[in-house]
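The sequence shown begins at 0 in numbering that gives the first Met the number 0 and counts up one residue at a time. The structure under discussion appears below in the form of structure tokens.
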Amino acid sequence: MQDLKVTSWQLFGHDRLYVNLPDGTAIGWADRGSGTITVLHPRYRDAVTDALARQVPDLPALVGEEAPTVPPGPPPVPRIPPMRGMRRRGAVKEPGPLPAAPDAQVPVPEPAEAPQPAAARPAAPEQTAARPVPPARPAVSEPEPAPESGPRPEHGPAPVTMRRPAALPALTPANDLSQRRPGNQLREQLGETGTGAFVRVATGALRRHKDTDPRRGALAGERRVGAELKRLTRHGWRVLHSVPLPDGTEIGHLLIGPGGVFAVSTEHRPGASVRIEDGTLRVDDEAPQPYELDGRPGARRAREALEAYCAFDVPVQTVLVLTGVTALEVVAVPAGVSVYREREVSALAPLTGVLTATQVERVYDVARNAEAWLEA
Numbered sequence: 000m001q002d003l004k005v006t007s008w009q010l011f012g013h014d015r016l017y018v019n020l021p022d023g024t025a026i027g028w029a030d031r032g033s034g035t036i037t038v039l040h041p042r043y044r045d046a047v048t049d050a051l052a053r054q055v056p057d058l059p060a061l062v063g064e065e066a067p068t069v070p071p072g073p074p075p076v077p078r079i080p081p082m083r084g085m086r087r088r089g090a091v092k093e094p095g096p097l098p099a100a101p102d103a104q105v106p107v108p109e110p111a112e113a114p115q116p117a118a119a120r121p122a123a124p125e126q127t128a129a130r131p132v133p134p135a136r137p138a139v140s141e142p143e144p145a146p147e148s149g150p151r152p153e154h155g156p157a158p159v160t161m162r163r164p165a166a167l168p169a170l171t172p173a174n175d176l177s178q179r180r181p182g183n184q185l186r187e188q189l190g191e192t193g194t195g196a197f198v199r200v201a202t203g204a205l206r207r208h209k210d211t212d213p214r215r216g217a218l219a220g221e222r223r224v225g226a227e228l229k230r231l232t233r234h235g236w237r238v239l240h241s242v243p244l245p246d247g248t249e250i251g252h253l254l255i256g257p258g259g260v261f262a263v264s265t266e267h268r269p270g271a272s273v274r275i276e277d278g279t280l281r282v283d284d285e286a287p288q289p290y291e292l293d294g295r296p297g298a299r300r301a302r303e304a305l306e307a308y309c310a311f312d313v314p315v316q317t318v319l320v321l322t323g324v325t326a327l328e329v330v331a332v333p334a335g336v337s338v339y340r341e342r343e344v345s346a347l348a349p350l351t352g353v354l355t356a357t358q359v360e361r362v363y364d365v366a367r368n369a370e371a372w373l374e375a
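Laid out in structure tokens, this is it:
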């Protein structure tokens, strides 16, 4: 091994020649004072002696001494600088797999004894001059390894925290929302203030009365959107209409399926050309008006109500359906919001990958129970 490096090291009264690998790892040394050669692994014996022979002509005068044999495999030898390795080896009081550096020659303070008279203490001026005791240095210790985060391997994997859903009251015919029809709130309002059903049919057939109440157009839009959403049930989706909230408002439609949950609202704008940009809405040639889509409470309330009784996350997105429009141009909408015309709702059918079939049924069972929406 021609790439070995031999460096001289002198400190604390020692005079050594260290043999290092090209990467700086010490594999042996020769101590000129004691006449010994220390090899950290038998496989480096010849390499260490050859490197020292090239550096020290009087190598035969040294008495060879190898370190105890260590188990096969890469030896955990100290890396340069050798001084740091010596401190680490000097801190070990019993020899381990690797031989301790011959630091025994460094004076070690003896245990404290009773003080003796000055005349009784033997003077050793020569020894003191030859081997001066260095000033006390603070003990250097290797940094402790950082504690591992989480439980140790012997304790197994970290426990998975599962959400414990609240107990849902039993479903009864009185609180089952699956039988509610689209536009239930509009129906109740028109039943109180509008003409009766028989009169509306008769006047409509005879064309003797034209009802100008805009709520009737809105109710017609809710019915058409409900019919389009019903088409998605053949693709594994579930639909609820007119989901009541505690403040008296409603979520027009709630679509539940493999693609997630969608809170669907309807706006009836007959004969209008609508352009929606990020935060604005323009009808026909009018000036754009501020129009917020991501601030609607339906999706947020639906998620809070459903996740209270489900042991998994239930993402809910917002869908706006415009009915009666002659043209719709959607330039930009916030994330999690979609805008369609009534015939474009079928674009939701192929969406998958959010909820499993079991989760779809669980969400539907929770959503159809009116008790789940009391605190929404």
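Using N, Cα and C, we set each Cβ at its ideal position, and we do this for glycine too.
Could you work out which residue in Arg163, Ser264, Val224, Leu292 is closest to Thr279 when comparing CA atoms only? Within the sequence shown, the letter at position 280 stands for residue 279. The shortest Cα separation from Thr279 among Arg163, Ser264, Val224, Leu292 belongs to Leu292.
CB contact flag (Val263, Val320, <8 Å): The count along the sequence shown starts at 1 and reaches residue 263 at position 264. The count along the sequence shown starts at 1 and reaches residue 320 at position 321. Their beta carbons are under 8 Å apart, which means Val263 touches Val320 by this criterion.
With the cut-off set at 8 Å, would you say Glu370 and Leu239 are in Cβ contact? For the purposes of this step, residue 370 is taken as residue 371 along the sequence shown, with counting starting at 1. For the purposes of this step, residue 239 is taken as residue 240 along the sequence shown, with counting starting at 1. No, they are not a contact pair.
Taking 7 Å as the limit between beta carbons, can you name the residues of its chain near Thr265, skipping five residues before and five after? Within the sequence shown, residue 265 is the residue found at index 266, counting from 1. Around Thr265: Gly220, Glu221, Val224, Gly251, Val320, Thr322.
Cβ-based burial, Glu227 [other Cβ within 10 Å; buried from 16]: Numbered from 1 along the sequence shown, position 228 holds the residue referred to as residue 227. Burial call: buried.
Cβ-based burial, Met82 [other Cβ within 10 Å; buried from 16]: By one-based count along the sequence shown, residue 82 stands at place 83. Residue placement at Met82 is poorly supported in this model, since its pLDDT is 43, which falls under 50; the coordinates still yield a value, given next. Exposed, because fewer than 16 other Cβ atoms sit within 10 Å of the Cβ of Met82.
Tell me the rounded alpha-carbon separation between Gln257 and Thr351. To locate residue 257, count along the sequence shown from 1; it is residue 258. To locate residue 351, count along the sequence shown from 1; it is residue 352. Per the sequence shown, residue 257 should be read as Pro rather than Gln. Their Cα atoms are separated by approximately 5 Å.
Do Gly216 and Pro181 count as a contact pair if the criterion is CB distance below 8 Å? Taking the sequence shown and counting its residues from 1, the one referred to as residue 181 is at position 182. Taking the sequence shown and counting its residues from 1, the one referred to as residue 216 is at position 217. In this structure, Gly216 does not lie closer than 8 Å to Pro181 by Cβ.
Contact check, Gly27 vs Val18, beta carbons under 8 Å: Looking up residue 27 in the sequence shown gives position 28. Looking up residue 18 in the sequence shown gives position 19. Against a cut-off of 8 Å, the Cβ pair of Val18 and Gly27 comes out as a contact.
The beta strand (DSSP E) spanning Tyr339 covers which residue range? What you label residue 339 is simply residue 340 of the sequence shown in a count that begins at 1. Unbroken beta strand (DSSP E) run through Tyr339: 336-340.
Can you check whether the CB of Tyr290 is closer than 8 Å to the CB of Arg365? To locate residue 365, count along the sequence shown from 1; it is residue 366. To locate residue 290, count along the sequence shown from 1; it is residue 291. Just to set this straight, residue 365 is Val in the shown sequence, not Arg. No. Outside cutoff.
Note down, in chain order, each residue of its chain lying with its Cβ closer than 8 Å to the Cβ of Asp422, except the 5 sequence neighbours on either side. With the chain covering 0 to 375 only, the question about residue 422 has no answer from this structure.
Have a look at Gly259 and Arg163 and give me their C-alpha separation to the nearest angstrom. Here residue 259 is taken as the residue at index 260 of the sequence shown, counted from 1. Here residue 163 is taken as the residue at index 164 of the sequence shown, counted from 1. Rounded to whole angstroms, Gly259 to Arg163 spans 21 Å at the Cα level.
Do Leu51 and Leu16 have their C-beta atoms within less than 8 Å of each other? Looking up residue 51 in the sequence shown gives position 52. Looking up residue 16 in the sequence shown gives position 17. Yes, the Cβ-Cβ distance between Leu51 and Leu16 is below 8 Å.
Which full runs of the alpha helix (DSSP H) of 4+ residues lie inside the region 228-261, going along the chain? none
Applying the criterion that 16 or more other CB atoms from any shown protein chain within 10 Å of the CB defines a buried residue, is Arg42 buried or exposed? In the sequence shown, the residue the question calls residue 42 occupies position 43. When all chains shown are included, Arg42 counts as exposed.
Examine the ligand GTP and report whether any of its heavy atoms sits within less than 7 Å of the Cβ of Arg300. With respect to the ligand GTP, the structure shown offers nothing to examine, as it has no ligands at all.
Proximity winner among Thr232, Asp45, Tyr339, relative to Arg274 (alpha-carbon distances): Against the sequence shown, residue 274 aligns to sequence position 275. It is Tyr339.
With a threshold of 16 other CB atoms inside 10 Å of the CB of Gly453, please say whether the residue is buried or exposed. The structure shown does not extend to residue 453, since the chain is modelled only from 0 to 375, so the question has no answer here.
What did DSSP end up calling Ser177 once you bin it into helix, strand or coil? Against the sequence shown, residue 177 aligns to sequence position 178. Helix, per DSSP.
Which same chain residues, not among the five before or five after Gln54, have their C-beta less than 7 Å away from its C-beta? One-based indexing of the sequence shown puts residue 54 at position 55. The answer, listed in chain order, is Val5, Leu16.
DSSP three-state label for Ala331, please. The count along the sequence shown starts at 1 and reaches residue 331 at position 332. Here Ala331 sits in coil by DSSP.
Assign Pro213 to one of three DSSP states: helix, strand, or coil. Residue 213 sits at position 214 when you count from the first residue of the sequence shown. Reduced to three states, the DSSP call for Pro213 is helix.
Using only the alpha-carbon positions, how far apart do Trp394 and Asp30 sit? Residue numbering for the chain in the displayed model covers 0 to 375; residue 394 lies beyond these limits and cannot be assessed.
Please check the pair Leu231 and Ala348, which I expect to be a contact at CB under 8 Å, by giving their CB distance rounded to whole angstroms. For the purposes of this step, residue 231 is identified with residue 232 of the sequence shown, where counting begins at 1. For the purposes of this step, residue 348 is identified with residue 349 of the sequence shown, where counting begins at 1. 5 Å between Cβ atoms; contact.
Just reading off the beta strand (DSSP E) that Ala371 is part of, what are its end residues? Position 372 of the sequence shown, counting from 1, holds the residue named residue 371. Ala371 -> no beta strand (DSSP E), and no H or E assigned at all.
Going by CA-CA distance only, name the one from Asp312, Ala310, Val324, Arg237 that's closest to Ile255. On the sequence shown, residue 255 is found 256 positions in, with the first residue counted as 1. Nearest of Asp312, Ala310, Val324, Arg237 to Ile255, Cα basis: Arg237.
Write down every uninterrupted run of the alpha helix (DSSP H) in the region 261-325 whose length is 4 residues or greater and which is fully enclosed by it, in chain order. 296-306
Assuming Leu51 is part of the alpha helix (DSSP H), what are its boundary residues? Mapped onto the sequence shown, residue 51 falls at position 52. Leu51 -> alpha helix (DSSP H) spans 44-54.
Quickly, what does DSSP pair Val5 with across the bridge? List them, please. Start at 1 with the first residue of the sequence shown, and residue 5 comes out as number 6. For Val5, which the question treats as bridged, DSSP gives the partners Val18.
Residue nearest to Glu343 in terms of C-alpha spacing, selected from Thr355, Ser177, Glu328, Thr357: Position 344 of the sequence shown, counting from 1, holds the residue named residue 343. Ranking Thr355, Ser177, Glu328, Thr357 by Cα distance to Glu343 puts Glu328 first.
Go through its chain and collect everything with a Cβ distance to Val336's Cβ below 8 Å, but skip five positions before and after it. Sequence index remark: in the sequence shown, residue 336 carries index 337 (1-based). Once the five neighbours on either side are set aside, the close Cβ partners of Val336 are Leu292, Asp293, Gln316, Thr317, Val318, Leu319.
From Thr325 to Arg281, what distance separates their C-alpha atoms? Here residue 325 is taken as the residue at index 326 of the sequence shown, counted from 1. Here residue 281 is taken as the residue at index 282 of the sequence shown, counted from 1. So the alpha carbons of these two residues sit roughly 13 Å apart.
Assuming contact is defined by CB atoms lying nearer than 8 Å, are Arg300 and Leu244 in contact in what I supplied? As a first step, residue 300 is located in the sequence shown; it is residue number 301 there, counting from the start. As a first step, residue 244 is located in the sequence shown; it is residue number 245 there, counting from the start. Cβ distance < 8 Å, so Arg300 and Leu244 count as in contact.
Quick check on this structure: which residue in Pro21, Gly23, Leu3, Thr24 has the alpha carbon closest to the alpha carbon of Thr48? Indexing the sequence shown from 1 puts residue 48 at position 49. If we check each option's Cα against that of Thr48, Leu3 comes out closest.
Verify whether the separation of the beta carbon atoms of Leu218 and Arg179 is less than 8 Å. Within the sequence shown, residue 218 is the residue found at index 219, counting from 1. Within the sequence shown, residue 179 is the residue found at index 180, counting from 1. No.
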